[in-house]
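Undergrad:
Residue numbers (the numbering used here), protein chains in the order written: chain L, 1 to 740; chain Y, 1001 to 1174.
(1) Select from L/577, L/697, L/446 and L/29 the residue whose C-alpha is nearest the C-alpha of residue 684 of chain L.
(2) Run the CB neighbour count on residue 46 of chain L, radius 10 Å, all protein chains shown included, and call it buried at 16 or more, exposed below.
(3) How is the beta strand (DSSP E) around residue 1043 of chain Y delimited, first residue to last?
(4) Within the 8 Å Cβ cut-off, does residue 3 of chain L reach chain Y?
(5) I'd like the list of long-range same chain contacts for residue 205 of chain L, defined as Cβ closer than 6 Å, with 5 residues on each side in sequence excluded.
(6) How many Å lie between residue 289 of chain L and residue 263 of chain L at the Cα?
(7) Is the beta carbon of residue 281 of chain L less than 8 Å from the beta carbon of residue 687 of chain L?
(8) Three or more beta-carbon pairs under 8 Å between the region 580 to 599 of chain L and the region 428 to 435 of chain L, yes or no?
(9) Can you tell me where the alpha helix (DSSP H) with residue 189 of chain L in it begins and where it stops?
(10) Taking the beta carbon of residue 549 of chain L as the centre, do at least 16 other beta carbons fall within 10 Å, making it buried, or is it exposed?
(11) Where do the N-terminal and C-terminal ends of the alpha helix (DSSP H) with residue 543 of chain L fall, by residue?
(12) So what's residue 718 of chain L in DSSP terms, helix, strand or just coil?
(13) Quick one: using the 10 Å Cβ neighbour count with 16 as the cut-off for buried, is residue 396 of chain L buried or exposed?
(14) Kindly indicate which residue of L/430, L/457, L/166 and L/678 has the alpha-carbon position closest to the one of residue 132 of chain L.
(15) Please state the DSSP three-state secondary structure of residue 283 of chain L.
(16) On the three-state DSSP scale, how would you describe residue 682 of chain L?
(17) State buried or exposed for residue 604 of chain L, treating a residue as buried only when at least 16 other CB atoms are found within 10 Å of its CB.
(18) Restricting to Cα atoms, I'd like to know which of L/317, L/333 and L/402 is closest to residue 326 of chain L.
(19) For my contact list, residue 144 of chain L and residue 398 of chain L are in at a C-beta cut-off of 8 Å; report their separation, rounded to the angstrom.
(20) Which of the three DSSP states, helix, strand or coil, is assigned to residue 290 of chain L?
(21) Determine the chain Y residues that contact residue 106 of chain L at a beta-carbon separation under 9 Å, and present them in chain order.
(22) Per DSSP, what kind of secondary structure is residue 494 of chain L in: helix, strand or coil?
(23) Whose CA, out of L/645, L/709, L/633 and L/647, lies closest to the CA of residue 678 of chain L?
(24) For residue 388 of chain L versus residue 720 of chain L, is the C-beta spacing smaller than 8 Å?
(25) Is the CB-CB distance between residue 185 of chain L and residue 115 of chain L below 8 Å?
(26) I'd like to know if residue 186 of chain L contacts chain Y, where contact means its C-beta is closer than 8 Å to some C-beta of that chain.
(27) Check the Cβ-Cβ distances between residue 1024 of chain Y and every residue of chain L, and say whether any is below 8 Å.
(28) Give the residues of chain Y in contact with residue 13 of chain L, contact being defined as C-beta atoms less than 7 Å apart.
(29) Would you check if the distance between the CB atom of residue 506 of chain L and the CB atom of residue 557 of chain L is smaller than 8 Å?
(30) Please list, in chain order, the residues of the region 1108 to 1136 of chain Y that have any C-beta partner in chain L closer than 8 Å.
(31) Could you tell me how far apart the beta carbons of residue 199 of chain L and residue 104 of chain L are, in whole angstroms, since I believe they sit closer than 8 Å?
(32) What is the DSSP secondary structure of residue 1164 of chain Y, counted as helix, strand or coil?
(33) What does the alpha-carbon distance come out to for the pair residue 194 of chain L and residue 1123 of chain Y?
(34) Let me see if you follow: with CB-CB separation under 8 Å, is residue 208 of chain L close to chain Y or not?
(35) Would you mind telling me which residues of chain L sit closer than 9 Å to residue 1062 of chain Y, beta carbon to beta carbon, in chain order?
(36) Taking 8 Å as the CB-CB limit, is residue 6 of chain L close to chain Y?
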């Protein structure tokens, strides 16, 4: 048959075809479908934008409620960018919807434009959707880590963990989208391309599309792995450049001049610099023959308020700008302040290490001056506040889960207050009789217990490690370390045990004593970290060794010794070991908390340091018992102690090197607390406690928190101590003015 | 256009051009269910487009455009199956009681033609459908959006492809 015959047969065979339909039902159906179609379009248009619009206030509220750093709000830029991008994209492509009553070719071309635009959007989803959210999130994670006091490298490492999670989630989204491109959009595009190709003239075989890369017939088949890898590498490089940029801008102010200095610190006697060279202080007269007065005058003229800083930290820039660029070494005309013999000329190397030392010293000074000033400003006009008012205020200001304090003067309770929850968001309120984990305050208890053993003749302050463990393998440098050195952090012991020791969880009793013994012997098999007796270095290991020595000398466990020698004679009935425990599930005792990305997370009843370091920090007790314990030390300092002789207390309270005595820090009078204060604090990072006694006013102050935010808890605690010292001072003044 | 007017016009046109809709739907689907779904989709598109109908084109041309455009964009997977719905259209070949040898022959040929059309590329299938329905080159050009001369060139090729396919199917035994 010929085509014309097909045509005849077709018409003959189909001409009598009749379509039956129910007009009303059909119309209802088309109208319903029309409504659905409109709704679908509306939902599509408002879905993403709507979600983003809800996220914006949610983000602000979360940031405010959790006191998150400013970097949290960076993500909002990503959200706004997402909204704007979607709106602009919709608007630009709004009028390009293909009409079904267009000629087939035009309709197909419009469909192709649409499909290619969809492909473009999905292929570039990383740039317009994923990265604008992910980058600020990463910056926030890094900032959150930095705000905990981490330095840059560990902050970057830790922040990369949640970032990795976000990255994996995004990778999943990316793969989903690319799958959509591969499985649905690309076949559709090929179909349209061939349809268009078969409809257009052979002479004008070009197909126009909105996305030129895709318009070639064979240029786009699937996402090539090579392209994916290159795109990933480019993204990583951009990320590295971004982070590097932040790092550089955060740390360097002006990099165009070398940061070198010939001295390690500068102090000022009016306009005359006194510089530290090789650990000695010198008056400085000239640098490379230029009178220092001229240099100082130039600095004052050029840099205004910052003239001292510029002289100390940017000497290369200063001298270069004066037209006397320094070489690797400079000639300094100086006079030593220690041995004033004569002025000498020194060739001194300009090094970046010196410059760093100048900067570090300046920062330290700036920080302590600033801190002191802030402290003074705060306390200057602060009247004495009753604890009942101060504690809730400080708890809220510092966003602590709970805060409690007790003040005892001459053995009499003069004030106590508690505020907050035993467990965050539990609604169960803390009570003044609750038990608190004391962390390193335990150290003074261990030292007190050992002092009792010394008085009983079971040990001596001069007992050495070598003599205590005669049959063990101990490094020679350890052998002559004494008990007293261990209790004053001058033994040279490292700060902490290795991670593997810290991970062990032996139960208290013989098992723990054995593990403790093994752990300390293992440390002492190697060289001490510092030369014993030469410097102060705070050490949990040192106190653990002292505890192990007491166990070795008596054959008893550390906890039994502490109970018998300290808890029982002082009737500290609430005292125990590890975090306080509730007997049932009614939350009878508080729980410690950590902060994770602004959230307070209860640590449970078992989270603590390994009991191996018990002698350095695992005791718990109530505030009342803590005050009783500190009052005994206060009385001991005044020669009225019951547990130990006045001489022994003197020994326990006298600093060795630095300001550290046996489990107590001695702090001289300051503007805020004009008395000698003996104090110690402690935290296992889930709790915080501080105890202080002021012999002159017979005052004991104890502050506790079930929140491991050490910086904030510490700030609150010292405000309370100051406030309590003020009340003592007020009382003293009142007494002086009313001698009756 | 008022709703009532729109409804009246739509119903009129449907009486007249309904068969074209069904033919296009059948040409681009393989099963009766898909054919129903596509036909319904074409009618929905037509209803939606009715307010924008400009009288530059004839109703026939307009219906074909919508039918072909919808068929080209139609994918089974895109829409959930309308399970709850009654078929809105029923097709009758109106051949009951008139089974002359010619008519049987024609029906067989039509079946063969549909089979052949299913095997043609989509654009060729469209041309063949329009040709079989005896549309002029001018109408075909308007529907497809290409020049009349181009219609001639492409239609010749499509007719040849159709003939080849019909020959092949004639050789298939049974």
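Heads up, the beta-carbon is just placed ideally off N, CA and C, and yes, glycines get one too.
Quick caveat: nothing in here was measured; it's all calculated off a predicted structure.
TA: In terms of the structure at hand:
(1) It is L/577.
(2) By the 10 Å Cβ count, residue 46 of chain L comes out exposed.
(3) Residue 1043 of chain Y -> not in any beta strand (DSSP E); alpha helix (DSSP H) instead, spanning 1032 to 1049.
(4) By this cut-off, residue 3 of chain L is an interface position.
(5) Confidence in residue 205 of chain L is poor, its pLDDT being 42 and thus under 50, which makes the residue's placement unreliable; the coordinate value appears in the next sentence. Around residue 205 of chain L: no qualifying Cβ.
(6) One alpha carbon belongs to residue 289 of chain L, the other to residue 263 of chain L, and they sit about 17 Å apart.
(7) It is not a contact, given that the beta carbons lie outside the stated cut-off.
(8) Yes: the two stretches touch, three or more of their Cβ pairs being nearer than 8 Å.
(9) In the DSSP assignment, residue 189 of chain L falls within the alpha helix (DSSP H) that extends over 186 to 199.
(10) Buried is the label assigned to residue 549 of chain L, since at least 16 other Cβ atoms lie within 10 Å of its Cβ.
(11) Element bounds for residue 543 of chain L: 540 to 554.
(12) The DSSP-derived three-state label of residue 718 of chain L is helix.
(13) By the neighbour-count rule (16 or more Cβ atoms within 10 Å), residue 396 of chain L is not buried but exposed.
(14) Looking at the Cα atoms, L/166 is the closest of the given residues.
(15) Strand.
(16) For residue 682 of chain L, the three-state secondary structure derived from DSSP is strand.
(17) Exposed, since its Cβ has fewer than 16 Cβ neighbours within 10 Å.
(18) If we check each option's Cα against that of residue 326 of chain L, L/317 comes out closest.
(19) The beta-carbon separation of residue 144 of chain L and residue 398 of chain L, rounded to 18 Å, does not stay under the 8 Å limit for a contact.
(20) The answer is strand: DSSP assigns residue 290 of chain L an E or B state.
(21) Residues of chain Y with a Cβ closer than 9 Å to the Cβ of residue 106 of chain L are, in chain order, 1145.
(22) Here residue 494 of chain L sits in coil by DSSP.
(23) Residue 678 of chain L has its Cα closest to that of L/633, out of L/645, L/709, L/633 and L/647.
(24) Contact: no.
(25) Contact: yes.
(26) For residue 186 of chain L, not one C-beta of chain Y is nearer than 8 Å to its own C-beta.
(27) Residue 1024 of chain Y does not count as touching chain L.
(28) Near residue 13 of chain L (Cβ distances below 7 Å), the residues of chain Y are 1106, 1107, 1109 and 1110.
(29) For the 8 Å CB-CB criterion, residue 506 of chain L and residue 557 of chain L do not form a contact.
(30) Within the region 1108 to 1136 of chain Y, the residues whose Cβ lies closer than 8 Å to some Cβ of chain L are 1109, 1110, 1113, 1121, 1122, 1123, 1124, 1126, 1131, 1132, 1133 and 1134, listed in chain order.
(31) Correct: roughly 7 Å between the Cβ atoms.
(32) Residue 1164 of chain Y sits in a helix when the DSSP states are folded into three classes.
(33) Linking residue 194 of chain L to residue 1123 of chain Y through their CA atoms gives a straight-line distance of about 9 Å.
(34) At residue 208 of chain L the pLDDT is 45, less than 50, meaning the model places this residue with poor confidence; the figure from the coordinates comes in the next sentence. Put simply, the CB of residue 208 of chain L is far from chain Y, with every gap to its CB atoms at 8 Å or more.
(35) In chain order: 101.
(36) Yes, residue 6 of chain L lies at the interface with chain Y (some Cβ there is under 8 Å from its Cβ).
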